[in-house]
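First residue of the sequence shown? That's 208 in my numbering, and the numbers climb one at a time after it.
Glycine included, C-beta positions come from ideal geometry on N, C-alpha and C.
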Amino acid sequence: MSIELKPVSIDNWYDCTKLHVKQEQISVFPAPIVYWIAESKYVDDFELRRVYSGALLVGFIVFCKSPDEDGNHWIPALMIDQNHQGNGYAKAAMKKLIHLMKQNGCKKLMIGHRPDNFIAGNLYESLGFQRASEDIIDGEIIRFLQLN
């Protein structure tokens, strides 16, 4: 599967706002894409990417360009549109992002998900992400992937 992560810009941001999760997923992915676009204007470190399969926009991903004070790079959001879920796009996008982060010197990737988002938990585990602790922090299970 060929996946590309393309930057979000003034010319294409609106297309991203048309991406949506399924109605039953709103509790596990409550923030719409427009929220992440707005927040990126105030959080200098957020990098936004459109997820493409060929010419088809299938999803959206947010990651941090720089490490936090503990040396961790975070992935605040990954979303595949409701019409394209179940086709392996999320896994392919994550693999592409992991490769990109390795190339940029990232040592440790962090991601969180709601405890009842079993699909996300299984996806992250399949990519090698481990639970950081048994605790639920700010309503999320936190996972990490050691890259070095």
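Member of Gln310, Lys302, Gln337 and Asp323 whose CA lies at the smallest distance from the CA of methionine 317 = Taking the sequence shown and counting its residues from 1, the one referred to as residue 317 is at position 110. With distances taken between Cα atoms, methionine 317 lies closest to Gln337.
How many angstroms separate the CA atom of threonine 224 from the CA atom of tyrosine 331?
-> In the sequence shown, residue 224 corresponds to position 17, counting from 1. In the sequence shown, residue 331 corresponds to position 124, counting from 1. Straight-line Cα distance between these residues: approximately 25 Å.
What is the residue span of the alpha helix (DSSP H) that phenylalanine 336 lies within?
-> If you number the sequence shown from 1, residue 336 lands on position 129. It is not in any alpha helix (DSSP H) - phenylalanine 336 carries neither H nor E in the DSSP assignment.
Within the same chain, show all residues whose beta-carbon is closer than 7 Å to that of valine 228, passing over the 5 residues directly before and after it, in chain order.
-> As a first step, residue 228 must be located in the sequence shown, where it is residue number 21. Closer than 7 Å at the Cβ level, and outside the excluded window around valine 228, lie Phe236, Met286 and Gln289.
Which first and last residues belong to the beta strand (DSSP E) in which glutamate 254 is found?
-> For this step, residue 254 is matched to residue 47 along the sequence shown. Taken as a continuous stretch (DSSP letters only), the beta strand (DSSP E) holding glutamate 254 covers 253–260.
For isoleucine 314, the nearest candidate out of Val241, Ser216 and Asp277 (CA to CA) = Here residue 314 corresponds to residue number 107 of the sequence shown, with the count starting at 1. Sequence inspection shows lysine at residue 314; the isoleucine mentioned does not correspond to that position. The residue with the shortest Cα to Cα distance from lysine 314 is Asp277.
Of the residues Ile343, Met301 and Lys309, which one's Cα is nearest the Cα of arginine 321?
-> Residue 321 sits at position 114 when you count from the first residue of the sequence shown. When each option's Cα is compared against that of arginine 321, the closest is Ile343.
Which listed residue (Lys248, Phe253 and Val258) has its alpha carbon closest to that of lysine 302 | Numbered from 1 along the sequence shown, position 95 holds the residue referred to as residue 302. Nearest C-alpha to lysine 302: Val258.
CB-CB under 8 Å to methionine 308, same chain, minus the five flanking residues each way: which ones, in chain order?
-> Working through the sequence shown from its first residue, we reach residue 308 at position 101. Answer for methionine 308: Phe270, His280, Leu316 and Leu354, listed in chain order.
Test item: CB-CB of leucine 212 and isoleucine 268 under 9 Å | On the sequence shown, residue 212 is found 5 positions in, with the first residue counted as 1. On the sequence shown, residue 268 is found 61 positions in, with the first residue counted as 1. Cβ atoms of leucine 212 and isoleucine 268: closer than 9 Å.
Under 8 Å by Cβ, that's how I've got glycine 328 and isoleucine 348 pegged, so tell me the actual separation to the nearest angstrom.
-> Working through the sequence shown from its first residue, we reach residue 328 at position 121. Working through the sequence shown from its first residue, we reach residue 348 at position 141. Yes, they are in contact, since the Cβ atoms of glycine 328 and isoleucine 348 sit about 7 Å apart, within 8 Å.
Reduced DSSP category for cysteine 223 - H, G, I as helix; E, B as strand; rest coil = As a first step, residue 223 is located in the sequence shown; it is residue number 16 there, counting from the start. Three-state result, cysteine 223: helix.
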